[in-house]
Amino acid sequence: MYFLLQANVYLDPDHYKIFDALEELNIDYEVINIPSAAEKIDFKTDRKDVFVYGSVTIARLAKQNKDWFPGSFYGGNHLYEVYSKYYGENLLNCNISVHTISGQLNWKKDEIKFIKPYNEAKIFTGKVFTEADWKDFVFEALESQNNRINEGSLIQVSEAKRTIKEARLWIVGGQIIDGGYYKFNDDAPFEKKVSEDGLSFANEMIRLFNLEEAFVMDICLTNEGWKIVEINCINSSGFYPNTNVKSVIKALNIYFSN
1 MYFLLQANVY
11 LDPDHYKIFD
21 ALEELNIDYE
31 VINIPSAAEK
41 IDFKTDRKDV
51 FVYGSVTIAR
61 LAKQNKDWFP
71 GSFYGGNHLY
81 EVYSKYYGEN
91 LLNCNISVHT
101 ISGQLNWKKD
111 EIKFIKPYNE
121 AKIFTGKVFT
131 EADWKDFVFE
141 ALESQNNRIN
151 EGSLIQVSEA
161 KRTIKEARLW
171 IVGGQIIDGG
181 YYKFNDDAPF
191 EKKVSEDGLS
201 FANEMIRLFN
211 LEEAFVMDIC
221 LTNEGWKIVE
231 INCINSSGFY
241 PNTNVKSVIK
251 ALNIYFSN
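Under the UniProt record's numbering, the first residue of the sequence shown is numbered 1, with each subsequent residue one higher.
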């Protein structure tokens, strides 16, 4: 398989690991820069077995190249409105409301909400906001000239919920290839590997709905058991320090080469 990699990815400090993995595995690749305002990928190749990796921009634009396989998995089943029908109450935020970013939200006194993009992943990072924090964020985002946020951008809003620990899982061909924690809250003890009950939960979710041939699932432990935090497109999901990038790349190469 042929990997097309975006070089100008600045928000992921572990992005370099993919280059090391490809070199070690002796897999062909090309590196390109993509302007944030690009409308297409300015790259030509006779290869059809292309897999893209980088930011949401390259993942989104690669969908234009219909003859690339696997190309990009951006969109489709990754939309909350699709996968929520299958995962239901197994989602951390199973009850959401959708608004435009410029719309008026109703806030109770001292309330906090979890807010994230609805259908344009990564235009900003979803997190917990107070009313004041959210209003400041919206003002600054709409004033900025360097992002893809506009007054009509859709957001999803839900009740802020406490998590104990959170992990990212890389899934290829219905199998969990690698996983690791990226957050421990409060006094949760450190664990090097994702617990067996967390992996069992994730495997059950894959059996419920194997969303794509390759995707990323973030899960968390709560006081009500394990939940899915969100589903991410594998073409634009960042690596964490404990990600075994070589295993992920090897699995992608073998699965899609066959």
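Cβ coordinates follow ideal geometry from the N, Cα and C atoms, glycine included.
| message | Once DSSP output is grouped into helix, strand and coil, what is the label at Thr57? | response | helix
| field | Backbone secondary structure at Ile97 - three-state DSSP | value | Here the sequence assigns Ser to residue 97, which means Ile is not the residue at that position. Of the three classes helix, strand and coil, the one that applies to Ser97 here is strand, per DSSP.
| said: For Ala251 and Lys109, I'd like the C-alpha separation in whole angstroms. | reply: 49 Å
| Just the Cα atoms here: how many angstroms apart are Lys122 and Leu105? | 21 Å
| message | Could you tell me the alpha carbon to alpha carbon distance between Val216 and His99, rounded to whole angstroms? | response | 26 Å
| Nonlocal neighbours in the same chain, by C-beta distance under 6 Å from Val128, ignoring five residues either side | Ile112, Phe114 and Ala160
| Under the three-state reduction of DSSP, which class applies to Gln64: helix, strand or coil? | helix
| said: Three Cβ pairs or more, each shorter than 8 Å: is that satisfied between the stretch 206-215 and the stretch 66-86? | reply: yes
| What is the DSSP secondary structure of Gln169, reduced to helix, strand or coil? | Per the sequence shown, residue 169 should be read as Leu rather than Gln. The answer is strand: DSSP assigns Leu169 an E or B state.
| query | At what residues does the beta strand (DSSP E) containing Lys44 begin and finish? | reply | It is not in any beta strand (DSSP E) - Lys44 carries neither H nor E in the DSSP assignment.
| request: With DSSP collapsed to three states, give me the class of Lys135. | output: helix
| field | Nearest-angstrom Cβ-Cβ length linking Cys220 and Leu91, presumed shorter than 8 Å | value | 10 Å between Cβ atoms; not a contact.
| task | Could you tell me if Ser236 is buried or exposed, where buried requires 16 or more neighbouring beta carbons within 10 angstroms of its beta carbon? | result | buried
| query | Since Thr125 sits in a beta bridge, which residues does DSSP pair it with? | reply | DSSP output for Thr125 lists no bridge partner at all.
| said: Rounding to the nearest angstrom, what Cα-Cα distance links Ile34 and Leu25 in this structure? | reply: 25 Å
| query | For Ile18, which residues from the same chain have a beta carbon less than 7 Å from its beta carbon, with the 5 sequence-adjacent residues on both sides left out? | reply | Leu5, Tyr53, Val245 and Ile249
| said: DSSP three-state label for Phe3, please. | reply: strand
| message | Between which two residues does the beta strand (DSSP E) holding Glu151 run? | response | That residue, Glu151, is in no beta strand (DSSP E); it is neither H nor E in DSSP.
| task | Would you check if there are 3 or more beta carbon pairs closer than 8 Å linking the stretch 189-202 to the stretch 166-173? | result | yes
| task | Examine the Cβ distances between the stretch 173-192 and the stretch 130-148 and report whether three or more of them are shorter than 8 Å. | result | no
| Assumed close pair Met1, Phe256 - CB separation to whole angstroms, cut-off 8 Å | 5 Å
| Of the listed residues Lys66, Asn95, Cys94 and Asn150, nearest to Gly103 (C-alpha basis) | Asn150
| query | Where Val9 and Tyr16 are concerned, what is the direct C-alpha to C-alpha distance, given to the nearest angstrom? | reply | 10 Å
| Whose C-beta lies closer than 8 Å to the C-beta of Gly136 among residues of the same chain, with five residues either side of it excluded? | Residue 136 is actually Asp in this sequence, not Gly. Result list for Asp136: empty, nothing under 8 Å.
| request: Could you tell me which residues DSSP puts in a beta bridge with Ser236? | output: DSSP output for Ser236 lists no bridge partner at all.
| task | Check whether the Cβ atoms of Ser158 and Asn95 lie closer than 8 Å to each other. | result | yes
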